[in-house]
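In what follows, a single structure is set out as structure tokens and then discussed.
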Amino acid sequence: MNADPENDRRPDVIVVGAGVIGLATACYALAAGADVTVLEQGDVGAGSSWGNAGLVVPSYNEPLADRAAVAEGLREVFNPEGFFALRPRPDAHLLGWLARYLVHCTPRHYRCAVAVFNELNRDTLRLHRELAAAADGAYGFRETGVLYLYRERGCWKQGLRAADRIRAAGFRADDLSPRELRKRVPAADTSVIGGIHYRDDAGLDPALFVQWLAGEVQRRGGQIRTRTEVYGFEGGRRRVTALLTTEGRFRAEQIVLAGGAWLRKLGGWLGVRLPVEGGKGIGVTMAGAREATRVPLILAEVHAAASPIGDRLRLTGLLELCGLDMTLDPRRVRGIHQAVRRYLPGIPSLDRAQVWRGLRPCTPDGLPLLGRLAAPANVLVAGGHDTKGVSLAPVTGRLAADLLAGGQITPALEKALSPRRFR
Ligand SMILES: Cc1cc2nc3c(=O)[nH]c(=O)nc-3n(C[C@H](O)[C@H](O)[C@H](O)COP(=O)(O)OP(=O)(O)OC[C@H]3O[C@@H](n4cnc5c(N)ncnc54)[C@H](O)[C@@H]3O)c2cc1C
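Numbering (the numbering used here), first residue to last: 1128 to 1550.
This is the structure in structure tokens:
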């Protein structure tokens, strides 16, 4: 039994997970008048929301499930310093996940997913601007755009075609010659042959962003309980009546599962299949942002980013399908540093760098999960944003709050994002 009288409160909504998605959902639900408590097994931002690249990328509308990504992944998988990896394990979930992923690598699914992301991206940019105006500089939101750098002609040509599609979707993109590009990024290596500047993209400090969102939850009257791990649910097939946690039992009317890469585990306790696989990525933070770049960069061929985070520079990269494994392999850290150096030769060595890793929550069709479960029907799922969670947090939080308040989302979004689609 629960000895803490606080737990006897029965908030309208309990959100499991204090990452960007859970906190954004809590903020918008509080704004709509709900009483909200957030439960987090670690500290605020303990998952993948803390040390990532902090890019807000409405220009990025492609799903991870994509034929081109498979071809690149197969080339990289045996390179111990490469940008893609797969940690083999005798696990039916991983095999099932890979099989579903391959099934979704079709031109038809790609087109559907792009349409979904274009819709989400338009709203998320507007909401990011609103939040940033309210935050008044608290987390370094800067609309500098994001600049892609290319070293290989074939990849640049593909990038230019992608830029045409992004312009057609209503976002601004400048194709840059080597001269124009060097004006914007003087530190770029001479081997960089071209660039594309997506001017509607932005950058922020992700750790400050989650902290600000957590502060907002509290300022709006919500509670955040850290070091409180959910380990089970009570109730019948139709409704969850309480959550069992390491800090006692919590009751709530509605529950939001925003557990990032842990969603599969949380769903499993409810007898529901949420095929989310952890996609480990690494962030390496060092001094020297001013010398390297003022605009966040994506280094196209190596799928890495270099983001100015305050006066520091953060290099991010790697996608390792690894379940919940958090091992740090020195070869991967070195691989990211060396890959970025080919574009920015002047970056400092790794000697004084801070290294972080996080698990991107990846679904096999590359689309997020947002919607109610069929049963228990008082549980809503919000997550599975793989490489786009920071970018899509505001729109996800807003839509989740609408659903909690009994509202609807568009039929197209409901169908594409429903957590029931994997039954
Ligand atoms: C290297 C790297 C770079 C990235 N760069 C970008 C970027 O530039 N732009 C972008 O948009 N996205 C980026 N991402 C992706 C982004 O970080 C994720 O999509 C996003 O953080 C997911 O947020 P989330 O809230 O769903 O999950 P998380 O942040 O992982 O939060 C889930 C939370 O749930 C908690 N939890 C889980 N289980 C339980 C339980 N049983 N009880 C209580 N609490 C629980 C976890 O502790 C965790 O804090 C990057 C990711 C990585 C790894």
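Note that beta-carbon positions come from the ideal geometry of N, C-alpha and C, so glycine has one too.
For residue j and residue i, the rounded distance between their alpha carbons
i, j, result
"V1171", "A1509", "17 Å"
"V1143", "V1383", "6 Å"
"A1419", "E1428", "19 Å"
"L1287", "A1296", "14 Å"
"D1328", "R1352", "33 Å"
"R1280", "D1193", "21 Å"
"D1263", "R1269", "11 Å"
"H1231", "G1386", "24 Å"
"A1539", "A1159", "24 Å"
"N1129", "V1506", "A caution first: N1129 carries a pLDDT of 41, below 50, which makes its placement in the model unreliable, though a value can still be read off. Approximately 22 Å between the Cα atoms of the pair."
"G1534", "L1201", "43 Å"
"W1339", "L1258", "10 Å"
"A1532", "A1416", "43 Å"
"L1393", "Q1465", "37 Å"
"V1467", "R1525", "35 Å"
"A1290", "A1527", "30 Å"
"W1396", "L1371", "11 Å"
"P1457", "A1212", "14 Å"
"A1153", "R1439", "30 Å"
"P1423", "S1186", "13 Å"
"W1224", "T1490", "8 Å"
Cβ neighbour criterion (16 or more within 10 Å) applied to residue i
i, result
"V1357", "buried"
"F1205", "exposed"
"L1303", "buried"
"V1140", "buried"
"E1167", "buried"
"E1361", "exposed"
Span of the beta strand (DSSP E), counted from its first residue to its last, around residue i
i, result
"L1445", "R1439 to L1448"
"F1360", "V1357 to G1362"
"A1414", "E1404 to A1414"
"L1371", "V1367 to T1372"
"Y1277", "V1273 to Y1277"
"Q1481", "Q1481 to C1489"
"Y1325", "G1321 to Y1325"
Near ligand 1: residue i beta-carbon under 6 Å from a heavy atom
i, result
"P1551", "Lying before the first or after the last residue shown, residue 1551 is absent from the chain, which here runs from 1128 to 1550."
"E1356", "yes"
"W1396", "no"
"V1399", "no"
"L1166", "yes"
"G1174", "yes"
"L1331", "no"
"T1443", "yes"
"V1143", "yes"
"L1182", "yes"
"N1179", "yes"
"V1411", "no"
Range of the contiguous alpha helix (DSSP H) that encloses residue i
i, result
"G1516", "G1516 to L1531"
"E1246", "P1234 to A1262"
"A1195", "R1194 to E1203"
"G1281", "R1280 to A1295"
"V1422", "No alpha helix (DSSP H) contains V1422, which DSSP labels as neither H nor E."
"I1148", "V1147 to A1158"
"V1508", "Taken as a continuous stretch (DSSP letters only), V1508 belongs to no alpha helix (DSSP H), being part of the beta strand (DSSP E) at V1506 to G1510."
Cβ-heavy atom distance, residue i to ligand 3, below 6 Å
i, result
"H1512", "As presented, the structure is devoid of ligand 3, carrying ligand 1 as its sole ligands."
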